Amino acid sequence: MIIQSRRAPVHTLTGVQIAATGSYVPDEIVTNEDLAALGCDADWIIQRTGILERRKAPPQMATSDMAEHAARHAMEQAGVTGSDIDLVILGTFTPDLPLPAAACLLQDRLGITGPAFDLQAACAGFIYSLITGMQFVVTGTSKLALVIGADINTRRVNPADKKTYPLFGDGAGAVLLNATGAAEKSISFTIGADGSGQELLCQKMGGSRIPHSCEGIQDNLQYVQMNGRPVFKWAIRQIEDSTRDVLHHADLAIEDIDMFFMHQANIRIIDAAVDNLGIAREKVPVNLDRYGNTSAASIPILLDEAARSGKIESGDRIMLTGFGAGLAWGTVLLEW
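Residue numbers for the sequence shown follow this note's numbering, beginning at 774 and rising by one.
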């Protein structure tokens, strides 16, 4: 099955900025050698994915717990408390419970009284949540928005699936958004979906279509299923097309962008997109080797690490690109 990339309109926002970042990963490190004991091929993992190790949440930890750690780090950086925040958006496909939303659990713990909701767009969840939060701020509905991407992926993948299980890790990343009077700091973004690719990356059991059942568990329907090859090819094309579309809209060239933050799914996807777009390697940070694919958390974790290490400076133009199940994607160009 071949899924062609789709073009989506590019839009512009002004009057909003990322004010702070935060991230969290669990302590437990699972190496490729650890997975070899389960029958996985350690050499195949590094050659085909670029992953050396990933983090795994302990049994007592839920998605909202990781999100809380990341949120508190961002709040500490910004010097704010829960009473200052008036909106919580949590991008996740692994909430603590079917209901209520994990964002509501987080809101209560952080002492926030404003609205809170989850947003499900799988690995594109942070980009979807970021764009949504930015529009709340731009319209004046929110003055300080907390946007998080967090997933406990290791509980959604089948340990017996030697090709999929090694890809994923657990983590959370957060940003705080506030208003800025600098109208010249415009944000360009595109966001889209293609449901014709729904079968390529999915978890079939657990919803209203196929509720949990003993028969479904016997068939491993509770786990994420992925048809890797067409997803791989689609992701490369989608990164390239959305990047070019956003740059064209902003009247900028590849050389004008200081850093590119791509969803950390597979090093071969990143390498192919970088080569095809002609991006200088030093402009593309990677932490996939240490964390694996953390789904909605991958971009905000990467962003937080770059910000805290001084790799991003005020005035830098940065591009964020996410893609995943749906199929869904989004690309955001902003000034730091």
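Idealized CB from N, CA, C, for every residue including glycine. Note that the coordinates shown come from a computational prediction; the quantities given were computed from them, not determined experimentally.
- According to the DSSP assignment, Ile862 belongs to the beta strand (DSSP E) that extends over 860 to 864.
- In the displayed model, Arg780 falls within coil according to three-state DSSP, outside both helix and strand.
- Per DSSP, the unbroken alpha helix (DSSP H) holding Trp1007 starts and ends at 1001 to 1023.
- In this structure, Cys896 is the residue among Phe890, Cys896, Trp817 with its C-alpha nearest to the C-alpha of Ala1038.
- A Cβ-Cβ contact shorter than 7 Å links Leu808 with Pro939.
- Thr794 is not a Cβ neighbour of Ala1023, given a cutoff of 7 Å.
- In this structure, Thr1067 is the residue among Val1105, Thr1067, Glu1055 with its C-alpha nearest to the C-alpha of Lys829.
- Around the beta-carbon of Gln971, fewer than 16 other beta-carbon atoms lie within 10 Å, marking it exposed.
- Cβ neighbours of Pro831 within its own chain (closer than 7 Å, five residues either side excluded): Pro799, Glu801.
- For Asn931, the number of other beta carbons within 10 angstroms of its own is below 16, and it is reported as exposed.
- The region 1026 to 1037 makes no contact with the region 994 to 1003; the number of CB pairs closer than 8 Å stays below 3.
- Under the three-pair Cβ rule at 8 Å, the region 857 to 873 counts as touching the region 917 to 929.
- Residue nearest to Ala1045 within the set Ala1008, Leu1076, Phe1034, Lys1056 is Ala1008 (criterion: CA-CA distance).
- In summary, Thr886 is exposed, with fewer than 16 beta-carbon neighbours lying within 10 Å of its beta-carbon over all protein chains present.
- Within the DSSP bridge table, the entry for Phe941 names Asn1066 as partners.
- Fully contained in the region 1035 to 1105 are the following beta strand (DSSP E) runs of length 3 or more, in chain order: 1090 to 1097.
- Assigned with DSSP and collapsed to three states, Met1032 falls in strand.
- Within the same chain, and ignoring the five residues on either side of Val1047 in sequence, the residues whose Cβ sits closer than 7 Å to its Cβ are Arg1054, Val1057.
- Contact check between the region 869 to 879 and the region 850 to 860: fewer than three CB pairs, one atom from each, fall below 8 Å, which does not count as touching.
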